[in-house]
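With the sequence shown counted from 1, adding 17 to any position gets you the working numbering.
Glycine included, C-beta positions come from ideal geometry on N, C-alpha and C.
Some notes on the structure that comes next.
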Amino acid sequence: MTQTVLVVGTGGREHALAWALSRDPEVGEVHIAPGNPGTSAVGTNHQVNILDGAAVAALAVELAADLVVVGPEAPLVAGVADAVRAQGIAVFGPSAAAAQLEGSKAFAKEIMAAAGVPTAAARVCVTADEAAAALDEFGAPYVVKDDGLAAGKGVIVTNDRAAAISHAAACGKVIIEEYLDGPEVSLFALSDGVKVLAFEPAQDFKRVGNGDTGPNTGGMGAYTPLPWAPSGLTEEVVRTVIQPTVDEMRRRGTPFVGLLYAGLALTRKGMRVVEFNARFGDPETQPLLTRLKTPLGGVLAAAATGSLGEHPPLEWGSGAAVAVVIAAAGYPESPRKGDPITGAEIEGVFHAGTALDDDDQLISAGGRVLTVVGAGDTLAQARQAAYVKVAQIKLPGGFYRTDIAAKAAEIEDNE
Ligand code: AMP
Ligand code: GLY
18 MTQTVLVVGT GGREHALAWA LSRDPEVGEV HIAPGNPGTS AVGTNHQVNI LDGAAVAALA
78 VELAADLVVV GPEAPLVAGV ADAVRAQGIA VFGPSAAAAQ LEGSKAFAKE IMAAAGVPTA
138 AARVCVTADE AAAALDEFGA PYVVKDDGLA AGKGVIVTND RAAAISHAAA CGKVIIEEYL
198 DGPEVSLFAL SDGVKVLAFE PAQDFKRVGN GDTGPNTGGM GAYTPLPWAP SGLTEEVVRT
258 VIQPTVDEMR RRGTPFVGLL YAGLALTRKG MRVVEFNARF GDPETQPLLT RLKTPLGGVL
318 AAAATGSLGE HPPLEWGSGA AVAVVIAAAG YPESPRKGDP ITGAEIEGVF HAGTALDDDD
378 QLISAGGRVL TVVGAGDTLA QARQAAYVKV AQIKLPGGFY RTDIAAKAAE IEDNE
């Protein structure tokens, strides 16, 4: 029994994790550090600097946590999981060394090459001359990625060579790679370092505007399941991507324990990895956990303690879930903060960038403010449920995409 769980992080993903943990009958107490006004409804928030491993470890010891779940990439890359593990506490989340799969795109490419994982051909560039040569080698559309963490905003895909050159110059070390066409899929897998257990696939909407226009964001919406995905996709990804990567990390003495997120493109030439993340994706986690029937605490504890092999496969609700992100005016360039939010006290609304002001009024405090999840028997019903909730929430200047899961719902309809 995993009685006391500490979730580290502050966003919509952490709210969804804390919510799902609070529904696990085997979980007694849910704590969140630092959490947000939404997580305080499903657990106890604790103010702590989540990039400070010693502080997080001290809190976990004080709470006598049985399991610590580290949500975001920044603390993982900073070694927070290592600091907690050093106290003898089970942690769901990779070591700093293993989190380099997300922390450095060049490292991820090196692992994929060693493990034979299909991905875009790429060049690691530091100088302007190297960048220019790589751009001309691959041609337009140009794909330029900051090597390090950039909260989903370090990548540009453009036909404008000058814009590609200036993004490369602004980033310093960049990856320039072959453009991948075809739809994208997010596939999550739990890993205990040896064995893996895959989630059902989801799809994320990265561009800020309807019809996939405008700059990349952290994600403006997501849905699951994918009615258009080829059958056997999950098994193929586990066999050709997830398991070889987990095996390679173990072989190097840096086993990956936590959630390996493969961002995939289904191209005409076959499936390719677009990126790895070392944690649950946001906002895919919110609809996925809405559909997950397996109690979350038990399976995360199994991954954290090397016993995933004895855990039964994940169980999923037969229906669909759709998440719509409500973003603040000015997102992603310069989100406005401090606007009042009303109408958000609805089941399925996960807080991402919110705070309470001095009068305890809920206000916006980040770029992505809320993730609103609707569930239903079909994607069309789930979509409708999500947008009905969105319409009830008021945030001055706030905006959202109106086309989340729209195409997929049509495909489902034609089956
Ligand atoms: P990443 O942070 O690597 O996932 O990149 C963010 C987004 O940029 C991806 O979800 C894709 O939409 C797009 N992208 C990244 N790499 C490529 C690529 N090689 N070809 C086409 N689009 C890409
Ligand atoms: N949904 C994209 C991400 O979490 O990076």
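When DSSP builds the beta bridges, which residues end up paired with residue i?
i	result
methionine 288	Leu283
leucine 207	Leu214 and Leu276
isoleucine 49	Val24 and Asn62
leucine 373	Leu379
lysine 126	According to DSSP, which records beta bridges pairwise, lysine 126 is partnered with nothing at all.
tyrosine 240	Gln220 and Val339
aspartate 163	Val191
valine 308	The sequence given here places arginine at residue 308; valine does not occur at that position. In the DSSP output, where bridge partners are listed per residue, arginine 308 has none listed.
phenylalanine 109	Val86
phenylalanine 293	Ala279
glutamate 201	Ala282
proline 357	Ile380
tryptophan 333	Leu309
Of the choices the options, whose alpha-carbon is the least far from that of residue i?
i	options	result
alanine 295	Ala125, Ala72 and Gly28	Ala125
threonine 257	Ala132, Gly314 and Leu214	Ala132
alanine 148	Glu127, Gln117 and Cys188	Cys188
proline 304	Leu325, Ala340 and Met288	Ala340
asparagine 431	Trp245, Asp264, Ile410 and Ala320	Trp245
methionine 237	Pro200, Ala74, Ala215 and Tyr348	Tyr348
aspartate 83	Val108, Leu276, Ser248 and Ala138	Val108
phenylalanine 293	Thr271, Gly270, Pro312 and Val263	Val263
glutamate 350	Thr234, Ile106, Pro312 and Ala74	Thr234
valine 86	Arg400, Gly29 and Val25	Val25
leucine 80	Pro158, Ile259 and Ile106	Ile106
glycine 103	Leu118, Gly70 and Ala123	Looking at the sequence provided, one finds alanine at residue 103 rather than glycine. When each option's Cα is compared against that of alanine 103, the closest is Gly70.
valine 290	Leu306, Ala139, Leu38 and His184	Ala139
serine 203	Glu194, Gln220 and Glu195	Gln220
threonine 27	Gly88, Pro300 and Ala75	Gly88
alanine 179	Leu152, Val389 and Gly298	Leu152
valine 191	Ala72, Val73 and Asp164	Asp164
threonine 395	Gly414, Glu253 and Leu243	Leu243
isoleucine 343	Ala399, Thr419, Gln398 and Ile193	Thr419
proline 232	Ser183, Thr241, Ile358 and Val172	Val172
threonine 359	Ala35, Pro261 and Leu412	Leu412
So, at 8 angstroms on beta carbons, what are the nonlocal neighbours of residue i in its own chain, with the 5 sequence-adjacent residues on each side left out?
i	result
aspartate 198	Ala282, Thr284 and Arg285
glycine 287	Pro135
leucine 68	Ala91, Pro92, Ala95 and Val97
valine 211	Val263, Arg267, Pro272, Gly323, Leu325 and Gly326
glutamine 401	Gly391 and Gly393
threonine 209	First, the amino acid is wrong: residue 209 is aspartate here, not threonine. The residues are Val274, Ala319, Ala320, Ala321, Thr322, Gly323, Ser324, Leu325 and Gly326.
glutamate 1	Given a span of 18 to 432 for the chain in the structure shown, any question on residue 1 remains unanswerable.
aspartate 99	Gly70, Ser112 and Ala113
Exposed or buried, which one is residue i when buried takes at least 16 other CB atoms within 10 Å?
i	result
glutamine 20	exposed
proline 330	exposed
isoleucine 428	exposed
glycine 365	buried
alanine 58	exposed
glutamine 64	exposed
aspartate 374	exposed
serine 248	exposed
serine 335	exposed
proline 111	buried
proline 42	exposed
arginine 269	exposed
asparagine 66	exposed
asparagine 53	buried
threonine 302	buried
aspartate 229	exposed
glycine 355	exposed
alanine 425	buried
glycine 120	buried
aspartate 377	exposed
So, at 6 angstroms on beta carbons, what are the nonlocal neighbours of residue i in its own chain, with the 5 sequence-adjacent residues on each side left out?
i	result
proline 352	Ala345 and Gly384
alanine 215	Ala206, Thr251 and Val255
threonine 61	His48
leucine 38	Val22, Val44, Val47, Leu313 and Gly314
alanine 185	Ala148, Val161 and Val191
glutamate 201	Ala282
If you drop the 5 nearest sequence neighbours on each side, which residues of the same chain put their C-beta closer than 7 angstroms to that of residue i?
i	result
tryptophan 333	Glu217, Arg308, Leu309 and Lys310
alanine 361	Leu379, Leu387 and Ile410
histidine 328	Leu214, Val316 and Ala319
glycine 55	His32, Phe367, His368 and Thr371
isoleucine 259	Ala206, Val213, Ala215, Leu277 and Ala279
isoleucine 363	Lys406 and Gln409
valine 78	Gln104
alanine 50	Leu23, Val25, His63, Val65, Ile67, Val73 and Leu76
Check your understanding: Who sits around the ligand AMP, taking every residue whose Cβ is closer than 5 angstroms to one of its heavy atoms?
Key -> Those residues are Ala137, Val160, Val172, Val174, Glu194, Tyr196, Leu197, Lys223, Gly280, Val291 and Glu292, given in chain order.
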